[in-house]
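One structure is given below, encoded as structure tokens.
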Amino acid sequence: MKKNYDILVIGSGLGGLVSALILAKEGLKVCVLEKNNQYGGNLQTFSRDKLIFDTGLHYIGGLSDGQNLNRFFSYLEIMNDLDLQKMEVDGYDKITFGEDSTEYPHAQGYQNFVDQLVKFFPEEKQNLETYCEEIQEICNYFPRYNVVGKDSYNEEILHLNTKRFIESITSNQKLQAVLLGSNFLYAGDSENTPFYIHALTVNSYIQSAYKCVNGGSQISKLLIRKLREYGADVFKHSEVCEMIFDEKDILRGVKTFVGREFYANTFISNIEIRSMLQLIGEKRLKKSFVNRVLSWKPISSCFSVYLVLKPNTVQHFNYNIYHYSSENSVWNAFRYKKESWPETYMLSSSPSKQNGEFSESFTAISYMDFAEVKEWENTFNTVADQQERDELYERFKLEKADKMIAALEKKYPGLRASITNIYTSSPLSYRDYIGSFEGNMYGYSKTSENPLRTMVSPRTKINNLYLTGQSVNMHGILGCTIGAFNTCAEILGKELIDERLTKVLNQKNEK
205 MKKNYDILVI GSGLGGLVSA LILAKEGLKV CVLEKNNQYG GNLQTFSRDK LIFDTGLHYI
265 GGLSDGQNLN RFFSYLEIMN DLDLQKMEVD GYDKITFGED STEYPHAQGY QNFVDQLVKF
325 FPEEKQNLET YCEEIQEICN YFPRYNVVGK DSYNEEILHL NTKRFIESIT SNQKLQAVLL
385 GSNFLYAGDS ENTPFYIHAL TVNSYIQSAY KCVNGGSQIS KLLIRKLREY GADVFKHSEV
445 CEMIFDEKDI LRGVKTFVGR EFYANTFISN IEIRSMLQLI GEKRLKKSFV NRVLSWKPIS
505 SCFSVYLVLK PNTVQHFNYN IYHYSSENSV WNAFRYKKES WPETYMLSSS PSKQNGEFSE
565 SFTAISYMDF AEVKEWENTF NTVADQQERD ELYERFKLEK ADKMIAALEK KYPGLRASIT
625 NIYTSSPLSY RDYIGSFEGN MYGYSKTSEN PLRTMVSPRT KINNLYLTGQ SVNMHGILGC
685 TIGAFNTCAE ILGKELIDER LTKVLNQKNE K
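So, in structure tokens, the structure goes:
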């Protein structure tokens, strides 16, 4: 007998898991299908040399009491079980340029953010205060960014351009570069990135910044545990290959590659939007919508180097470093030259469990075009479906890792002597494990000139199919969480979602 669910979620990225749990908490029969061996999408971790490495989540913002992600996670009943470490208050991110040893801090707390940067830019206090005020004002425009409140926003704010806005705040080019220094978080593009992307991204980190102890996969594990407590079914190794429509062209179920069929009343897609179009079949969708999605430009992918370090040799730092070859390269760093790669990188450190003053591992990430690995695009490699790529690919990765280490040694002379093992991931790794198109980090590029072109409603032309995840609107932990609540608001009604979230807020306030 075939089991029929109320809700079937395709893909177990954060957006899918949050959507599933919201609906399961309402008493609906929910099922989640994941193609890979590990749940969580960008929350996935991997273990090497008995150490845990994150693949996509390196730090989280907005998790202190009363802040938005804290309130969302409290409603999901996972907040109290998270194992977190607060990052350096006076500089959770530090921006560096070229051979200059100065580290420009992004500090937690808006007043502290200003106070720390004024030490380096004493003439810019008023401009820094204006910058902070404008970021908070933009964030307040967005529905559900403050958990409950506005239903819509003024479209005009979507057209604000980040580069032009920053230039209007200060004419100091060094300060401009510092304020934009963490734009790796959204792959900043000087010609196109809307200011709301910058504001929504950095605001939550300025509020508070945390690392997940032993990796971000704890979030997906807690969500899975809660889902099962609420009676949901969750299956991995269950890649959907076909959607089942009845004779009236109504979506009734899905079929996986191993031949299992799952039926439901309502479906939520948390997979790459292009993959979903293929499953639906273009004939069932408006041609204009299909063409619009296919015209989107994927955000750049990346190459990551994971370094296992000898004990007690490299000092641990409780912040991220965003390094650029020069202050002029802050914008458009993803348009690099192969011969000078890496022109920028993000570097993070994990403390040793035996001696927290020292680091047990480094993770360094830089942009990489999919074109660099295109000759291997027809190979696939996951734990669930292991295939070895050729020796040329392995040599390619080793050469890139060597270049990254050489770049890091300019900041950490002699680092190479402290390394015991090197591991890497390329755009192919992100494509295969995360499922993103061409391994892109954050979905698709958004433009201040035409911001609505890449915005998609959670509703689709198929009445019982909804969308969630980073392909739809905002990326990141907070973006995907907000997106999941918006998707569920389309299914359950905004009033009910607001009521549930308001109740949680009131309960926390009473405590």
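No gaps in the numbering here: position 71 of the sequence shown is 275 in this note's numbering, and each next residue is one more.
For each residue, glycine too, the CB sits at the ideal point set by N, CA and C.
In this text, all values refer to a predicted model and were calculated from it rather than measured experimentally.
Output needed for residue i: all residues of its chain with C-beta closer than 6 Å, excluding positions within five of it in sequence on either side, in chain order.
| i | result |
| --- | --- |
| Thr717 | What is shown of the chain runs 205 to 715, which leaves residue 717 out entirely. |
| Lys430 | Leu225 and Glu281 |
| Pro555 | His520 |
| Gly219 | Asn474, Thr672, Gly673, Cys684, Gly687 and Ala688 |
| Lys239 | Glu443 |
| Tyr509 | The residue asked about is misnamed: residue 509 is Val in this sequence, not Tyr. For Val509, where only same-chain residues beyond five positions count, the Cβ hits under 6 Å are Ala568, Ala605, Met608 and Thr628. |
Can you tell me whether residue i sits near the ligand MN, meaning its C-beta is under 8 Å from at least one heavy atom of the ligand?
| i | result |
| --- | --- |
| Arg599 | Judged by which ligands are present, the structure shown has none, so any question about the ligand MN falls away. |
Within the continuous alpha helix (DSSP H) that includes residue i, where are the two ends?
| i | result |
| --- | --- |
| Tyr634 | Pro631 to Ile638 |
| His402 | Phe399 to Gln411 |
| Tyr314 | Tyr314 to Val322 |
| Ser492 | Lys491 to Ser499 |
| Ala693 | Gly680 to Leu696 |
| Leu551 | Where Leu551 is concerned, there is no enclosing alpha helix (DSSP H), although the beta strand (DSSP E) it sits in stretches over Thr548 to Pro555. |
| Arg539 | Neither: Arg539 is in no alpha helix (DSSP H) and is coded neither H nor E. |
Counting only the same chain and skipping the five closest in sequence on each side, list residues whose C-beta sits under 8 Å from that of residue i.
| i | result |
| --- | --- |
| Ala381 | Ile299, Phe301, Tyr528, Glu531, Asn532 and Val534 |
| Tyr308 | Lys298, Ile299, Thr300, Leu321, Phe324, Val382 and Gly385 |
| His363 | Pro398, Ser652, Glu653 and Pro655 |
| Gln716 | An answer regarding residue 716 cannot be provided, because it is not within the stretch 205 to 715 covered by the chain. |
| Glu465 | Lys206, Ile448, Gly457, Val458 and Lys459 |
What did DSSP end up calling residue i once you bin it into helix, strand or coil?
| i | result |
| --- | --- |
| Gly463 | coil |
| Thr306 | coil |
| Glu360 | helix |
| Ala605 | helix |
| Asp702 | helix |
| Pro617 | coil |
| Arg456 | strand |
| Thr651 | coil |
| Ile475 | coil |
| Met205 | Reliability fails at Met205, whose pLDDT of 48 lies under 50, so the model's placement of it is uncertain and no value is given. |
| Val708 | helix |
| Thr567 | strand |
Tell me, to the nearest whole angstrom, how far the beta carbon of residue i is from that of residue j; I am working on the premise that it is less than 8 Å.
| i | j | result |
| --- | --- | --- |
| Ile475 | Gly639 | 6 Å |
| Cys445 | Lys459 | 6 Å |
| Val403 | Ile339 | A small fix is needed here, since residue 403 is Ala in this sequence, not Val. The pair is a contact, with the Cβ atoms about 5 Å apart (cut-off 8 Å). |
| Phe641 | Arg432 | About 31 Å; that fails the 8 Å criterion. |
| Cys506 | Ser570 | 6 Å |
| Tyr549 | Ala611 | 6 Å |
| Arg663 | Glu694 | 6 Å |
For residue i, which residues from the same chain have a beta carbon less than 7 Å from its beta carbon, with the 5 sequence-adjacent residues on both sides left out?
| i | result |
| --- | --- |
| Met205 | For Met205, the pLDDT reaches just 48, beneath the cut-off of 50, and the residue's location in the model is therefore unreliable, leaving the point undetermined. |
| Asn344 | Asn350 |
| Ala575 | none |
| Tyr646 | Tyr390, Ala391, Ile503, Gln674 and His679 |
| Lys367 | Ser394 and Trp535 |
| Gly419 | Thr249, Ile256 and Asp258 |
| Phe317 | His310, Ala311, Cys336 and Ile410 |
Name the two residues that bound the continuous beta strand (DSSP E) containing residue i.
| i | result |
| --- | --- |
| Phe507 | Ser505 to Leu513 |
| Val444 | Val444 to Phe449 |
| Gly579 | In the sequence as displayed, the identity of residue 579 is Glu instead of Gly. It is not in any beta strand (DSSP E) - Glu579 carries neither H nor E in the DSSP assignment. |
| Ile525 | Asn524 to Tyr528 |
| Ile666 | It is not in any beta strand (DSSP E) - Ile666 carries neither H nor E in the DSSP assignment. |
Fill in: Uninterrupted beta strand (DSSP E) stretches inside the segment 215-297 (no shorter than 3 residues)
234-237, 249-252, 255-258 and 288-290
Worksheet item: Which runs of the alpha helix (DSSP H), 4 residues or longer, sit entirely within the segment 329-396?
Response: 329-344, 366-373 and 377-383
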